[in-house]
Amino acid sequence: MLFHPLGGPKWGRIDAGFLDPGYLRAVGSEHPGVDINRAGTSGDQDLGHPILCLAPGVVEEVAQDDVWGHVVLVRHDQAVARWVSRILGREVPALWSQYAHLIWPVVERGQRVLGGQAIGGMGKGGRQRYWAHLHFELRTALHPALFWPGKRREVIIRDYLDPAPVLAKATQEHRYVWERLIVNLTRPDLPQVREPNAGEA
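Residues in the sequence shown are numbered from 366 upward in steps of one, following my numbering.
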């Protein structure tokens, strides 16, 4: 029922954890999610990699700013919240997942999305300020997509979940066939070109 945003736990590597003390020391802020890269990559090697939706839901918001880059916030079905409740052994009354630092989104507000559906490509944040990675959050209360709790640890404990144990259970393989694209990562604003089929000129 759950799909790892990078395709599966064995393909994803968490580089900064939930409420990571190292992140607090380095950045001066608590970390309300996890930062994920493709296993076996470094730098920008996974730039543009498809980011998949955790589970069925509706796109609550698509936003952008100079720090986050593109952000997608998904409100998941109640059945998903119940499933996560069973995984964590605690009540999860509602569930939102947030996908940040995308180089581009491919969904829009109000759109129904499926588990395993591509919702964007891994990016570097606004103004290309970071190495490519996905910042991923699980929220149990509705906040704007661009909301950042800063040092308010009590807000994170109340309104967020540690994604790591949930992602460890996200073992479903996606069931979708993607159209192969030639992607210009230096100009994501330009139309992307479909790759010709073998034998086509």
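Where is the CB? At the ideal position from N, CA and C, for every residue including glycine.
Exposed or buried, Ser-462, counting other C-beta atoms within 10 Å across all chains shown (16 or more means buried)?
buried
Can you look up Pro-421 in the DSSP assignment and give me helix, strand or coil?
coil
What does DSSP give as the partner residues of Arg-477 in its beta bridges?
In the DSSP output, where bridge partners are listed per residue, Arg-477 has Val-423.
Hey, out of Gly-480, Met-366, Arg-477, Ser-450, whose CA is closest to Arg-504's CA?
Ser-450
Please report the Cβ distance between Glu-426 and Leu-438, rounded to the nearest whole angstrom; I am assuming they are in contact, meaning their Cβ atoms lie under 8 Å.
4 Å
Which partner residues does His-500 have in the DSSP bridge list?
Asp-400, Ala-465
I'd like to know if the region 497-513 and the region 473-483 are in contact, where contact means that at least 3 CB-CB pairs between them fall below 8 Å.
At 8 Å Cβ cutoff, the stretches do not touch.
Label Ile-522 either buried or exposed according to how many other C-beta atoms from any shown protein chain fall within 10 Å of its C-beta, with 16 as the threshold for buried.
exposed
With a threshold of 16 other CB atoms inside 10 Å of the CB of Pro-458, please say whether the residue is buried or exposed.
exposed
Pull up the distance between the alpha-carbon of Arg-512 and that of Gly-405, whole angstroms please.
One point to set straight first is that residue 512 is Phe, not Arg, in the sequence displayed. Each residue's Cα considered, the two are about 31 Å apart.
Comparing alpha-carbon positions, which option in Gly-515, Asp-431, Trp-496 lies nearest Asp-400?
When each option's Cα is compared against that of Asp-400, the closest is Trp-496.
Taking a contact to mean a Cβ-Cβ separation below 8 Å, would you say Val-432 touches Gly-515 in this structure?
No; because the gap between Cβ atoms is not below 8 Å, this pair is not in contact.
Going by beta-carbon coordinates alone, are Leu-453 and Pro-530 separated by less than 8 Å?
yes
With a 10 Å radius around its C-beta and 16 neighbouring C-beta atoms as the bar for buried, classify Gly-475 as buried or exposed.
For Gly-475, the number of other beta carbons within 10 angstroms of its own is below 16, and it is reported as exposed.
Checking 8 Å against the spacing of the C-beta atoms, do Ala-391 and Gly-434 come in under that value?
no
Measuring from the CB of Lys-489, is there a heavy atom of the ligand PLP at a distance below 7 Å?
Judged by which ligands are present, the structure shown has none, so any question about the ligand PLP falls away.
How big is the Cα-Cα spacing for Gln-443 and Val-478?
Computed Cα separation, rounded: 14 Å.
Along the chain, where does the beta strand (DSSP E) containing Gly-377 start, and where does it finish?
377-381
Could you have a look at Ala-446 and say whether DSSP puts it in helix, strand or coil?
helix
Output the distance between the C-alpha atoms of His-441 and Val-424, rounded to the nearest integer angstrom.
9 Å
Among the candidates Arg-518, Ile-416, Glu-473, whose CA atom is the shortest distance from the CA of His-500?
Considering only alpha carbons, the answer is Ile-416.
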